[in-house]
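Sequence positions in the sequence shown follow this note's numbering and run 13 to 192.
Written below as structure tokens is the structure these notes are about.
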Amino acid sequence: RPANILLPVTQIVLRMIAANSNFPYEVIAADFTGMNYTVTRSSRAHMEKMLKPKMKAQIAHVNRPITTNIIQSAVLTGKLDLPGYFLNPRHYERGVYQLPGLEPVDPFRQAKADAENLSNLVVSPQEVCARRGVEFEEVVEQYEAAVRIIEENGFDSKLFMEIITDKSTTSTQSNGNASN
Numbered sequence: 013r014p015a016n017i018l019l020p021v022t023q024i025v026l027r028m029i030a031a032n033s034n035f036p037y038e039v040i041a042a043d044f045t046g047m048n049y050t051v052t053r054s055s056r057a058h059m060e061k062m063l064k065p066k067m068k069a070q071i072a073h074v075n076r077p078i079t080t081n082i083i084q085s086a087v088l089t090g091k092l093d094l095p096g097y098f099l100n101p102r103h104y105e106r107g108v109y110q111l112p113g114l115e116p117v118d119p120f121r122q123a124k125a126d127a128e129n130l131s132n133l134v135v136s137p138q139e140v141c142a143r144r145g146v147e148f149e150e151v152v153e154q155y156e157a158a159v160r161i162i163e164e165n166g167f168d169s170k171l172f173m174e175i176i177t178d179k180s181t182t183s184t185q186s187n188g189n190a191s192n
């Protein structure tokens, strides 16, 4: 039966592609069967490590030159008025490129780790957002919009902020009033 041999042959081909491309087989095949959290996380970390130099090269050799040319063209044609651009173009071209984020393997574990790292001042909120592929400013704007909508509808925005930051739970736990 040809159907019985198809899966092993496909796996062999995908393993050869993975070995030659230096990416984990599990990621290329999208086959995470039989893998626990630690192995999945390790495989994902290896893939991110392999992608980061490729993404940085893309930015350095493609994105930045294109951005520079667009800005120069806009300044030369008068579409942009950037005082002192030709004296110090780097001032206007020093933007930060936001790399796409990856969904966490286990969102709950990742959120707990991020919260702990934030409270220990190991990472900044900007780093956490960047890892997710979103800008910190956008997250802040979304929270501001949520608070505004809550208040416009007559609800208590302070209670909302306590719930999402888990202040009410931690304050009762610290007072010894939390029920187990």
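Each residue gets a CB set at the ideal place from its N, CA and C atoms; glycine is no exception.
- Excluding the 5 residues flanking it on each side, S55 has same chain C-beta neighbours closer than 7 Å at P36, E38, V39, in chain order.
- Here DSSP, grouped into helix, strand and coil, assigns K91 to coil.
- Per the C-alpha coordinates, the member of T22, V146, F98 positioned closest to L114 is V146.
- Each residue's CA atom was taken as its position, placing R102 and V151 some 28 Å apart.
- An exposed status is given to V25, since fewer than 16 other beta-carbon atoms sit within 10 Å of its beta-carbon.
- Taking C-beta atoms as the reference points, Y104 and I71 fail to come closer than 8 Å.
- Secondary structure note for I71: it is in no alpha helix (DSSP H), with a DSSP letter that is neither H nor E.
- A direct Cα-Cα distance of roughly 39 Å separates P20 from A142.
- Secondary structure within the region 75-150: the alpha helix (DSSP H) runs of 4 or more consecutive residues, fully enclosed, are 76-88, 102-105, 119-131, 137-144 (chain order).
- Between V134 and R53, the CB-CB gap reaches or exceeds 8 Å.
- Linking A158 to E164 through their CA atoms gives a straight-line distance of about 10 Å.
- If you check the CB distance, F148 and I162 do not come in under 8 Å.
- Residue burial annotation: V74 is exposed, with fewer than 16 other C-beta atoms found within 10 angstroms of its C-beta.
- Sixteen is the threshold: when 16 or more other Cβ atoms of the shown chains lie within 10 Å of the Cβ of D126, as they do, the residue is buried.
- The beta carbon of M62 is closer than 7 Å to those of N34, F35 in its chain, skipping five residues each way along the sequence.
- When the Cα atoms are used, A86 and L92 turn out to be separated by approximately 5 Å.
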